[in-house]
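Heads up: the protein sequence lines correspond to chains A and B, in order. Under this note's numbering, the first residue of the first sequence carries the number 3, and numbering increases by one thereafter. Under this note's numbering, the first residue of the second sequence carries the number 20, and numbering increases by one thereafter. Backbone N, C-alpha and C define an ideal beta-carbon position, used for all residues, glycine too. Quick caveat: nothing in here was measured; it's all calculated off a predicted structure. To start, the structure itself, in structure tokens.
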Amino acid sequence: MIHIEKLVKVYGGFRAVDGLSLQVGTGQILGLVGPNGAGKTTTLRCLAGIIPPTSGRVTIAGFDLQTHPLEARKRLAFVPDEPHLFDHLTALDHLTLFSRLYGVADGPARAEALLEEAGLGDQRLSFPSELSRGMKQKLVVACALLHRPEVLVLDEPLTGLDPAAMRRMKRTVRDTARAGASVIVSSHMLQLVEEVCDRVLIVNHGKKVLIGTLDEIRLQFPDVDADADLETLFMRATGADQ
Amino acid sequence: MTPLLFLMWRSMLGRATGWLRLMKQPKYLVGTLAGVAWMSLFALRPVLRANREASLGDRVANITEWLPALESAGALALVVSLSLWWLWPFGKASLELTETELHLLLPAPVRRRHLIQYAMLRNQWGVLFGCFMISLFSSGGAPDRFVWRFVTVWLFLTLWQLHGRGRGLWVARLQELPAAVAWRRRATAVAGVVLIWLLLAPGIASIAALLPELSVDSAPALRHALSPEQLNAEAPLLALLLTPMRWVIGPFFAGLTPDTPLVGRLASVGWPLLLLVAHNEWIVRSQTLFEEATLEGARQRAARGDAASRFRKVRQRQRQAAPFSLRPTGAPAIAIVWKNLMLVHRTRLALAVGGGTAVVSISAVVVAFTGLPDWLIAIMMVAGALGLIATPLMAGHQWRNDLRTDLLRIEVIRTWPIDGWHLFAAQVAPPAFIAFLYAAGAGGLLLIAGVAAGATNATDFVLVSPGLAESLGVSFVTLLLLGLATALPLVAAIASLSATLQNLVALLWPSWIQLGQRRRGSAAHIGQGMLTGLGLVLALSVGLLPGALLVGAWIFLQLVVADLPLVAWQLPLFGLTAVVPLVVIVGMLTRFGGVLWDQLDPSVELLNSESPS
Numbered sequence: 003m004i005h006i007e008k009l010v011k012v013y014g015g016f017r018a019v020d021g022l023s024l025q026v027g028t029g030q031i032l033g034l035v036g037p038n039g040a041g042k043t044t045t046l047r048c049l050a051g052i053i054p055p056t057s058g059r060v061t062i063a064g065f066d067l068q069t070h071p072l073e074a075r076k077r078l079a080f081v082p083d084e085p086h087l088f089d090h091l092t093a094l095d096h097l098t099l100f101s102r103l104y105g106v107a108d109g110p111a112r113a114e115a116l117l118e119e120a121g122l123g124d125q126r127l128s129f130p131s132e133l134s135r136g137m138k139q140k141l142v143v144a145c146a147l148l149h150r151p152e153v154l155v156l157d158e159p160l161t162g163l164d165p166a167a168m169r170r171m172k173r174t175v176r177d178t179a180r181a182g183a184s185v186i187v188s189s190h191m192l193q194l195v196e197e198v199c200d201r202v203l204i205v206n207h208g209k210k211v212l213i214g215t216l217d218e219i220r221l222q223f224p225d226v227d228a229d230a231d232l233e234t235l236f237m238r239a240t241g242a243d244q
Numbered sequence: 020m021t022p023l024l025f026l027m028w029r030s031m032l033g034r035a036t037g038w039l040r041l042m043k044q045p046k047y048l049v050g051t052l053a054g055v056a057w058m059s060l061f062a063l064r065p066v067l068r069a070n071r072e073a074s075l076g077d078r079v080a081n082i083t084e085w086l087p088a089l090e091s092a093g094a095l096a097l098v099v100s101l102s103l104w105w106l107w108p109f110g111k112a113s114l115e116l117t118e119t120e121l122h123l124l125l126p127a128p129v130r131r132r133h134l135i136q137y138a139m140l141r142n143q144w145g146v147l148f149g150c151f152m153i154s155l156f157s158s159g160g161a162p163d164r165f166v167w168r169f170v171t172v173w174l175f176l177t178l179w180q181l182h183g184r185g186r187g188l189w190v191a192r193l194q195e196l197p198a199a200v201a202w203r204r205r206a207t208a209v210a211g212v213v214l215i216w217l218l219l220a221p222g223i224a225s226i227a228a229l230l231p232e233l234s235v236d237s238a239p240a241l242r243h244a245l246s247p248e249q250l251n252a253e254a255p256l257l258a259l260l261l262t263p264m265r266w267v268i269g270p271f272f273a274g275l276t277p278d279t280p281l282v283g284r285l286a287s288v289g290w291p292l293l294l295l296v297a298h299n300e301w302i303v304r305s306q307t308l309f310e311e312a313t314l315e316g317a318r319q320r321a322a323r324g325d326a327a328s329r330f331r332k333v334r335q336r337q338r339q340a341a342p343f344s345l346r347p348t349g350a351p352a353i354a355i356v357w358k359n360l361m362l363v364h365r366t367r368l369a370l371a372v373g374g375g376t377a378v379v380s381i382s383a384v385v386v387a388f389t390g391l392p393d394w395l396i397a398i399m400m401v402a403g404a405l406g407l408i409a410t411p412l413m414a415g416h417q418w419r420n421d422l423r424t425d426l427l428r429i430e431v432i433r434t435w436p437i438d439g440w441h442l443f444a445a446q447v448a449p450p451a452f453i454a455f456l457y458a459a460g461a462g463g464l465l466l467i468a469g470v471a472a473g474a475t476n477a478t479d480f481v482l483v484s485p486g487l488a489e490s491l492g493v494s495f496v497t498l499l500l501l502g503l504a505t506a507l508p509l510v511a512a513i514a515s516l517s518a519t520l521q522n523l524v525a526l527l528w529p530s531w532i533q534l535g536q537r538r539r540g541s542a543a544h545i546g547q548g549m550l551t552g553l554g555l556v557l558a559l560s561v562g563l564l565p566g567a568l569l570v571g572a573w574i575f576l577q578l579v580v581a582d583l584p585l586v587a588w589q590l591p592l593f594g595l596t597a598v599v600p601l602v603v604i605v606g607m608l609t610r611f612g613g614v615l616w617d618q619l620d621p622s623v624e625l626l627n628s629e630s631p632s
């Protein structure tokens, strides 16, 4: 379960995130969308404990990220938009490392299973420089899922993936949520968000514009079609259509 | 050209703005002010000296006497090096542009000569910085001398650079031309060089015959032999050939002659300026297809800084090896140690330590009977001593298997469930441990050399004299072993302190240090590296002081107050005594590092705070 309360992040004089509050329940998938510079990545970085918020409160599975950071982080997995891997570690080394960091008792067996599932079985001894971007992305996701996180945060998870890998990634996200995790997916690919997410949060200028299911958001715009897609709603909500 | 000049201007402005923004933080402002103050002091040192006038006057008198001869020698060196350069058959068509610049500028409607000009101007930053530093440190704080030194050094370096670039493009062009045309051009160039040498050779031979045997008293004769008057008289053709080269270096020498009038100085830059313009035109008009070579050059430069490239060569079997096997449960900090040790090597630690000890022990036993040649003992002593002292002081500066690499993966490591001080300690441990291993290896080398020296009585080369062993009442080998037992704990503590300090710098001033293996070559980075290096040396010295004082106090109390003699067996105790304060300091600094890590806001410097999305 994710709980964000009045989150504010200020860079110098610029308010990247401005009083954002949201809640994602167990088994739910929230799509985070917004134009460039809306504060999505900053929100996710605050949520993952990478950068400290200027004010506000973030709770991961009941643990406050500020007061109980270790307990919160043990239950969290973050997949950044760029697949950051260690140049000198093989794919298997990465999973071995993450096993120990998160204390996964069945780490070695689960690592092998995740590598096979990601289609990286033959690349288990490859270094990141020998992997394509899509493969790197799969490895990052495998590392994230290794400790069965209660909260999964993904920033642009489909970037660089081929169609088959995209489909697999979407299934992984759904399966993770079905297993009881709270998931946040940030993406510019609105079809992905529409397809995978239960609810959508539209942010602009660091503020919440709209949140709800697609139907709930449609109700906010009586003049749009009843079957309007997320792209149309997004344009209206952010004023990008004007 | 205007858009390219705009690009240069904006890039410069962007760098300056970024730099000024950093200055808003007191830690960077204080560092910069300290650096500027130090450099100013260095540059103005001669001015501040009380006896400046006398010493400067003496120096000027000495230099002035030598100037004509030096100018002739310089001109000759220039002719020789340039002519040999033209015989070198290889040359690069690449200009120093980045991949980004190439991808953006090549498809843009930019004239070819403007793009070449842009690449040449872009290269000027390094030259200008070099000229600035040379002028600052050699002008003795006199503003007029600084300006003249700057201009003349810049003229010479730029001309040299342009000539090299032009020659490279010319040679590369030969590859593109039909073979017959290329052969004709190359043959013409070689014939030109041969002709120059044919003309030079008799003159050089006749001047060489006049040169005296080198000795303390031969200076006046040497000056006379190389003076322009003598050259004109003995080798007029050589003097004539050297004249254009003399004009190239003339402005620099005019600045060294105090009584050269300003008009004379200004006139002296005419010829180099003319050559500079001609060289520039030669290059920008080049028809060489530089695009592909430039792109390849940019890729190669990027690959050189890419630390990942070396891991591709690791053999399959080695990929499965690790310093130790990492169980899935236990302290998470050990996982970071495991990971960072592997950045340097995958050899099993037990094998490295056991194998190293065995090699040293067996070698020591063997050389105790066989001895070693004196020269080898001397080399081993010097290498061993240097390794033992320098490795712990550097502690991972070369490997960067700590926060200096991990800060580049900040988005990953910040999410790990490990508290600040454990993470910081885990980052410090691998470089310190590897430095200790290397230093222990160097200690082993010293031991082997010492044992060999003891066996053959080659005691001139050993760092610890056998006389000392005798006075302390132990055998020479025992003293060596005791010395090692004293040094190794100290080495471990010093390596830990050095690694701790370097990692603290990474956390405190991430913008000022080299993160990862990619070298940072800009002027600002060199200055920053110099400042942080100085700071580290200072901090290390301060950190070592308490231990040294403690041991000093012990020796004083024992020798002077209690009047008891020193015994050899005390040495390891001295070592341990010196280690205690170091351990306390390292512990405190590690805790501090942990607090810094917990409070770190990477968005300020490490993540791109300019474009939060």
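Item	Value
Output, in sequence order along the chain, the residues in the region 126-149 of chain A whose CB is closer than 8 Å to any CB in chain B.	Leu127, Phe129, Pro130, Ser131, Glu132
Under 8 Å, Cβ to Cβ, is there at least one residue of chain A near lysine 358(B)?	yes
Could you tell me if glutamate 158(A) is buried or exposed, where buried requires 16 or more neighbouring beta carbons within 10 angstroms of its beta carbon?	buried
With distance defined between alpha-carbon atoms, name the residue in His207(A), Asp200(A), Val211(A), Asn206(A) nearest to aspartate 217(A).	Asp200(A)
Going along chain A, which residues have a C-beta under 7 Å from leucine 345(B)?	Thr98, Arg102
On the criterion of 16 or more Cβ atoms from any shown chain inside 10 Å, does phenylalanine 129(A) qualify as buried, or is it exposed?	buried
Drop a sphere of 10 angstroms on the beta-carbon of tryptophan 167(B), count the other beta-carbons inside from all chains shown, and report buried for 16 or more, exposed for fewer.	buried
Mind checking if tryptophan 588(B) is an interface residue toward chain A, Cβ cutoff 8 Å exclusive?	no
Consult DSSP for glycine 76(B) and reduce its assignment to one of helix, strand or coil.	For glycine 76(B), the predicted model reports a pLDDT of 49, less than 50, meaning its position is unreliable and no value from the coordinates is stated.
What is the DSSP secondary structure of glutamate 115(B), counted as helix, strand or coil?	coil
Does any C-beta atom of chain B lie closer than 8 Å to the C-beta of threonine 240(A)?	no
Could you give the distance in angstroms between the alpha-carbon of valine 49(B) and the alpha-carbon of proline 82(A)?	35 Å
State yes or no: is the beta carbon of threonine 69(A) nearer than 8 Å to at least one beta carbon in chain B?	no
Taking the alpha-carbon of leucine 501(B) as reference, which of Thr519(B), Leu527(B), Pro529(B), Gly462(B) has the nearest alpha-carbon?	Gly462(B)
Buried or exposed: valine 372(B), going by 16 or more other Cβ atoms within 10 Å of its Cβ?	exposed
Considering only the beta carbon of each residue, do alanine 414(B) and glutamine 533(B) sit closer than 8 Å?	no
Do the region 261-279 of chain B and the region 87-94 of chain B make contact, defined as three or more Cβ pairs closer than 8 Å?	yes
Per DSSP, which one or two residues make a beta bridge with aspartate 66(A)?	Thr61(A)
Could you spell out where the alpha helix (DSSP H) holding histidine 17(B) opens and where it closes?	Given that chain B is displayed from residue 20 to residue 632, the structure contains no residue 17(B) and the question cannot be resolved.
Please say whether histidine 96(A) and methionine 361(B) have beta carbons closer to each other than 8 Å?	no
Does the beta carbon of serine 632(B) come closer than 8 Å to any beta carbon on chain A?	Model confidence at serine 632(B) stands at a pLDDT of 34, short of 50, so the residue's coordinates are unreliable and nothing is read from them.
Is there a Cβ of chain B sitting closer than 8 Å to that of isoleucine 204(A), yes or no?	no
Below 8 Å on the Cβ atoms is my contact criterion, and I expect leucine 106(B) with valine 190(B) to pass it. Report the Cβ-Cβ distance as a whole number of Å.	In fact, because the Cβ distance is near 11 Å, the residues do not count as touching under 8 Å.
Going straight from the alpha carbon of glycine 185(B) to that of leucine 123(B), what length do you get?	25 Å
So, is methionine 607(B) buried or exposed, given that buried needs 16 or more other C-beta atoms within 10 angstroms?	exposed
Asparagine 522(B) lies in the alpha helix (DSSP H); which residues open and close that run?	495-527
Does the beta-carbon distance from alanine 56(A) to valine 10(A) come in below 8 Å?	According to the sequence as given, residue 56(A) is threonine; it is not alanine. Against a cut-off of 8 Å, the Cβ pair of valine 10(A) and threonine 56(A) comes out as a contact.
Give the interface partners of alanine 167(A) over in chain B, defined as CB-CB distance under 9 Å, in chain order.	Per Cβ cutoff of 9 Å: no residues; alanine 167(A) is ~21 Å from chain B at best.
Quick one: measure Cβ to Cβ for histidine 149(A) and valine 106(A), integer angstroms, because I've assumed they're closer than 8 Å.	5 Å
Does the region 364-380 of chain B come into contact with the region 338-350 of chain B, if we say contact requires no fewer than three beta-carbon pairs (one atom in each stretch) closer than 8 Å?	yes
Applying a beta-carbon distance threshold of less than 7 Å, which residues of chain A neighbour valine 431(B)?	His86
Do you know whose CA, among Met31(B), Leu23(B), Thr51(B), Phe109(B), lies nearest leucine 553(B)'s CA?	Thr51(B)
How many angstroms separate the CA atom of alanine 230(A) from the CA atom of arginine 220(A)?	7 Å
Under a three-way DSSP split, which group does valine 623(B) fall into?	coil
Give the C-beta separation of glycine 222(B) and leucine 256(B) to the nearest angstrom, bearing in mind that I take them to be a contact with Cβ-Cβ under 8 Å.	6 Å
Find the residues of chain A that neighbour methionine 607(B), judging by a C-beta separation of less than 8 Å, and give them in chain order.	None at all; the shortest Cβ gap to chain A is about 23 Å.
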